[in-house]
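Taking it in order: structure first as structure tokens, then the write-up.
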Amino acid sequence: MGIPQPAFYIFKCEQSAPPGMPKPSCVSQNNPESQQLFQYLAQKLMQEGVMGTVQPIRTSCLNRCQMGPVMLVEPGHTMYVGLTKEKIDRIVKEHILGGKVVEEYVIDPEFWDEPISPADMKKQMGM
Ligand code: FES
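Numbers given in my numbering equal positions in the sequence shown, counted from 1, plus 659.
See the structure below:
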């Protein structure tokens, strides 16, 4: 038997705008809780004993800054927005452990429409 793949990757946006930047960012000095969310997620996964098969990843901007703090759960392409510690608790319990997406925390489909395949994008660009 080989080394098992992770069951989930969780990409947590850790982008922070420099002080004074008007642009919103997922980690902000104006929102102290936002600075603790990655650590909180990692601790939660450790407490549940699932670290390793669930791999939290610090990432830079995922291009949905207005809706931050955000994190993307793969597989499934599930984008969670407006994160708090309480929301992370529920996402870990219901989605990661329970297998059921927490729909009420998922990004509005208007901002997360179906992806365009790279092949189609090339066609659209006339390439
Ligand atoms: S700063 Fe997090 S999505 Fe852009």
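Beta carbons are placed, not taken as given, at the ideal position from N, Cα and C, and that holds for glycine.
Beta carbon shell of the ligand FES at less than 6 Å from a heavy atom: Cys672, Gln674, Ser684, Cys685, Cys720, Leu721, Asn722, Arg723, Cys724, Gly727 and Val729
field: Reduced DSSP category for Trp777 - H, G, I as helix; E, B as strand; rest coil
entry: The residue labelled residue 777 in the question sits at position 118 within the sequence shown. Note on identity: in this sequence residue 777 is Pro, with Trp being the wrong assignment. Reduced to three states, the DSSP call for Pro777 is helix.
- prompt: Based on the DSSP secondary-structure assignment, which residues constitute the bridge partners of Cys672?
  reply: Residue numbering aside, residue 672 sits at position 13 when the sequence shown is read from its first letter. Per DSSP, Thr718.
- prompt: Looking only at DSSP bridge pairs, what is Leu731 linked to?
  reply: Position 72 of the sequence shown, counting from 1, holds the residue named residue 731. Answer is Phe670 and Met738, bridged to Leu731.
message: As a quick exercise: from Ile669, Val686 and Gln664, pick the residue whose alpha carbon is nearest that of Ile747.
response: Stepping through the sequence shown from its first residue, residue 747 is reached at position 88. When each option's Cα is compared against that of Ile747, the closest is Ile669.
- request: State yes or no: is the C-beta of Ile750 within less than 8 Å of the C-beta of Val761?
  value: On the sequence shown, residue 750 is found 91 positions in, with the first residue counted as 1. On the sequence shown, residue 761 is found 102 positions in, with the first residue counted as 1. Closer than 8 Å, so yes.
- prompt: Nearest to Asn690 by alpha carbon, out of Ala701, Met705, Lys703 and Ala676?
  reply: Numbered from 1 along the sequence shown, position 31 holds the residue referred to as residue 690. The residue with the shortest Cα to Cα distance from Asn690 is Ala676.
- request: Report yes or no: do three or more beta-carbon pairs, one from the region 714-726 and one from the region 695-706, lie closer than 8 Å?
  value: yes
message: The alpha helix (DSSP H) that contains Asp748, what's its start and end?
response: Position 89 of the sequence shown, counting from 1, holds the residue named residue 748. Run containing Asp748: Lys744 to Arg749, per the alpha helix (DSSP H) assignment.
task: Starting from the C-beta of Met710, find all residues in its chain whose C-beta is less than 6 Å away, skip the five residues before and the five after it, and write them out in chain order.
output: One-based indexing of the sequence shown puts residue 710 at position 51. The residues are Leu704.
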